[in-house]
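Visitor: Counting in UniProt numbering, the sequence shown runs from 1 upward without gaps.
C-beta: ideal position from N, C-alpha, C; glycine also.
Since the structure is predicted, the reported quantities are computational estimates derived from the model, not experimental observations.
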Amino acid sequence: MQFRIKRLLPATLKDGVKKYGYMIADSLLSIVERMTGQFYTFQSRPIRADRIWVDEREARRDYSEYAIVMQGPIKKKNDFTLETLKLYKKYFNNALIILSTWEGENTETIIAARSLGVEVILNKEPANPGYFNVNRQLTTAMAGLKRAATMNKKYALKTRTDQRMYHNKSLTFLSNLLKDFPLPTVGIKQRGRLIALGAYDYDTKPKLYHVYDNLIFGYTEDVMLYFGADFISDTPPVIDSLKERYPDSPFTAEVYFFTEFLKKTGHILKNTPEDHLRSLAAHAILIDPRSLGWYWYKYFRFMQDQNMSQTYENKSHLGFVEWLNLFNSYQKDGDAPCCQK
Numbered sequence: 001m002q003f004r005i006k007r008l009l010p011a012t013l014k015d016g017v018k019k020y021g022y023m024i025a026d027s028l029l030s031i032v033e034r035m036t037g038q039f040y041t042f043q044s045r046p047i048r049a050d051r052i053w054v055d056e057r058e059a060r061r062d063y064s065e066y067a068i069v070m071q072g073p074i075k076k077k078n079d080f081t082l083e084t085l086k087l088y089k090k091y092f093n094n095a096l097i098i099l100s101t102w103e104g105e106n107t108e109t110i111i112a113a114r115s116l117g118v119e120v121i122l123n124k125e126p127a128n129p130g131y132f133n134v135n136r137q138l139t140t141a142m143a144g145l146k147r148a149a150t151m152n153k154k155y156a157l158k159t160r161t162d163q164r165m166y167h168n169k170s171l172t173f174l175s176n177l178l179k180d181f182p183l184p185t186v187g188i189k190q191r192g193r194l195i196a197l198g199a200y201d202y203d204t205k206p207k208l209y210h211v212y213d214n215l216i217f218g219y220t221e222d223v224m225l226y227f228g229a230d231f232i233s234d235t236p237p238v239i240d241s242l243k244e245r246y247p248d249s250p251f252t253a254e255v256y257f258f259t260e261f262l263k264k265t266g267h268i269l270k271n272t273p274e275d276h277l278r279s280l281a282a283h284a285i286l287i288d289p290r291s292l293g294w295y296w297y298k299y300f301r302f303m304q305d306q307n308m309s310q311t312y313e314n315k316s317h318l319g320f321v322e323w324l325n326l327f328n329s330y331q332k333d334g335d336a337p338c339c340q341k
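What follows is the structure, given as structure tokens:
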């Protein structure tokens, strides 16, 4: 309703509201800056897909080799999930767009998604959601990825129903990274690297093998391998790399997914900071959320990159700068054939 009313407002009035909104935000942030000793910036993003212009040449680019799997419950507020699907259909011509969600989710959104040409999968809830809802994520992710594999898609992007990429060349950028940083053809049970939105820096967040799992891109078979971990119970398995430092809670979903993936590729876990870094250099590419114009309609949503980027006072995240330096350092190491082109 609010968006229909907005369309009826004259452009001058909308521009005025926007201008004064920025002025109010600027005044408030100036106060916060003085109180915290930090500089702040803010960025606006269109809520609706029809507010975003796409160059005609980009609109004709062929993405028939790609699948995007959006998994999870439908985000109805501001029609976020539906508008994200509309945006991807607008951006990525001929890509397979999959919404993998749950039976009983919002019927209106499901009908609208199917009318766009989106492949909708309605999954049954697992009998046991698992600790931290691990089994729920595995269920929806794998259902979508299996559909992508059945339709012979070369690349797969697993993302969430409450997240969005605003950059219209994101898929091209991601597949170019796979081509520019290939894996060796010998001794690796992995076709290409996995691309993720960063990882913990062990020096300030001491959790080995903690790679962010909310957005994963790669060759379809590799992404399926990553989300092919076994279901867990309400009492999760103990992760060796966490049990000494976190005896009361030696489990996180992110570490579980990545370590299970590494085992399947033949990587022998040593549970050391050095092996943590080597595994990132050898099997992954870490990028920065803003490279994709990434937005998460959840935690810290008013902050740039939702607390998943470099901080200047407390370096807690590894992004593309850190990963590229890491890759080059191991590439020069003659005992690291996994990092050689």
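Near Lys86, which residues of its chain fall below 6 Å by C-beta distance, leaving aside the five closest residues on each side in sequence?
Guide: Result list for Lys86: Ala49, in chain order.
Visitor: In its own chain, which residues sit with a C-beta less than 6 Å from the C-beta of Thr159, not counting the 5 before and 5 after it?
Guide: Excluding sequence neighbours, Thr159 sits near Met70 and Leu215.
Visitor: Please say whether Tyr66 and Leu171 have beta carbons closer to each other than 7 Å?
Guide: Yes, Cβ-Cβ distance for Leu171 and Tyr66 is below 7 Å.
Visitor: Return the chain-ordered list of same chain residues with a C-beta closer than 8 Å to the C-beta of Thr235, the five sequence neighbours on each side being excluded.
Guide: Contacts found: Tyr131.
Visitor: Only counting the same chain, and skipping five residues up and downstream in sequence, which positions put a Cβ closer than 7 Å to that of Thr165?
Guide: Checking the sequence, you will find Met at residue 165 rather than Thr. Excluding residues within five positions, the ones whose Cβ falls inside 7 Å are Leu292, Gly293 and Trp294.
Visitor: Tell me which residues share the same chain as Tyr63 and place their Cβ nearer than 8 Å to its Cβ, disregarding the 5 neighbours each side in the sequence.
Guide: Hits under 8 Å: Phe92, Asn93, Asn94, Ala95 and Leu171.
Visitor: Go ahead and pull the three-state DSSP assignment for Trp102.
Guide: Strand, per DSSP.
Visitor: May I have the straight-line CA-CA distance separating Leu280 from Gly16, to the nearest angstrom?
Guide: Approximately 48 Å, taken between the alpha carbons.
Visitor: To the nearest whole angstrom, what separates the beta carbons of Phe217 and Leu174, a pair I think is in contact under 8 Å?
Guide: Rounded, the Cβ-Cβ distance is 5 Å, consistent with contact.
Visitor: Report, in whole angstroms, the separation of the C-beta atoms of Arg114 and Pro126, which I expect to be a contact under 8 Å.
Guide: Not a contact, Cβ separation roughly 24 Å.
Visitor: Once the 5 residues before and after Arg45 are set aside, which same chain residues still bring their CB inside 7 Å of it?
Guide: Contacts found: Tyr166 and Tyr295.
Visitor: Which same chain residues, not among the five before or five after Trp323, have their C-beta less than 6 Å away from its C-beta?
Guide: So the qualifying residues of the chain are Leu286.
Visitor: Near Gln163, what residues of its chain come up, given a Cβ to Cβ distance below 6 Å and the 5 sequence neighbours on each side ignored?
Guide: Result list for Gln163: Trp296, in chain order.
Visitor: For Leu262, does the count of other Cβ atoms within 10 angstroms reach 16, so buried, or fall short, so exposed?
Guide: Looking at its Cβ environment, which holds 16 or more other Cβ atoms inside 10 Å, Leu262 is buried.
Visitor: Which first and last residues belong to the beta strand (DSSP E) in which Asn123 is found?
Guide: Counting along the chain, the beta strand (DSSP E) containing Asn123 begins and ends at Glu119 to Asn123.
Visitor: Would you report the Cα separation of Gly117 and Tyr212, rounded to the nearest angstrom?
Guide: Near 30 Å, if we compare the C-alpha coordinates of Tyr212 and Gly117.
Visitor: Can you tell me the Cα-Cα spacing of Leu318 and Phe258, whole angstroms?
Guide: When rounded, the distance between both Cα atoms is 15 Å.
Visitor: Gly192 to Leu183, Cα distance in whole Å?
Guide: Distance between the alpha carbons of Gly192 and Leu183 is about 6 Å.
Visitor: Report buried or exposed for Phe327, applying the criterion of at least 16 other Cβ atoms within 10 angstroms of its Cβ.
Guide: By the neighbour-count rule (16 or more Cβ atoms within 10 Å), Phe327 is buried.
Visitor: What are the boundary residues of the alpha helix (DSSP H) that includes Ile110?
Guide: Counting along the chain, the alpha helix (DSSP H) containing Ile110 begins and ends at Thr107 to Ser115.
Visitor: So, is Pro10 buried or exposed, given that buried needs 16 or more other C-beta atoms within 10 angstroms?
Guide: Looking at its Cβ environment, which holds fewer than 16 other Cβ atoms inside 10 Å, Pro10 is exposed.
Visitor: Could you check whether the Cβ of Ala49 sits closer than 6 Å to any heavy atom belonging to the ligand SAH?
Guide: Judged by which ligands are present, the structure shown has none, so any question about the ligand SAH falls away.
Visitor: Sort Leu145, Met151, Asp240 and Pro250 by Cα distance to Ile268 and report the nearest one.
Guide: Ranking Leu145, Met151, Asp240 and Pro250 by Cα distance to Ile268 puts Asp240 first.
Visitor: Got a sec, what are the start and stop residues for the alpha helix (DSSP H) Gln331 sits in?
Guide: First-last of the alpha helix (DSSP H) with Gln331: Phe320 to Gln331.
Visitor: Whole angstroms is fine: what's the gap from Tyr155's alpha carbon to Leu178's?
Guide: Their backbone Cα atoms lie some 10 Å apart in a straight line.
Visitor: Tell me where the beta strand (DSSP E) around Gly218 begins and ends.
Guide: Counting along the chain, the beta strand (DSSP E) containing Gly218 begins and ends at Ile216 to Tyr219.
Visitor: Could you tell me which residues DSSP puts in a beta bridge with Arg164?
Guide: Its beta-bridge partners are Tyr295.
Visitor: Just curious, the alpha helix (DSSP H) that Met70 is in, first and last residue?
Guide: First-last for Met70: Tyr66 to Gln71, but that is the beta strand (DSSP E), not the alpha helix (DSSP H).
Visitor: If contacts are defined as beta-carbon pairs under 8 Å, then Ala143 and Asn123 qualify, I think. What distance do you get, rounded to the angstrom?
Guide: Indeed, because the Cβ distance is near 5 Å, the residues count as touching under 8 Å.
Visitor: By how many angstroms is the C-alpha of Tyr209 removed from the C-alpha of Lys189?
Guide: So the alpha carbons of these two residues sit roughly 18 Å apart.
Visitor: In terms of residues, what are the limits of the beta strand (DSSP E) holding Ala49?
Guide: Ala49 -> no beta strand (DSSP E), and no H or E assigned at all.
Visitor: Let me make sure I understand the geometry here. Which of Val238, Lys90, Asp180 and Lys19 has the alpha-carbon closest to that of Ile52?
Guide: Of Val238, Lys90, Asp180 and Lys19, the residue nearest in Cα terms is Lys90.
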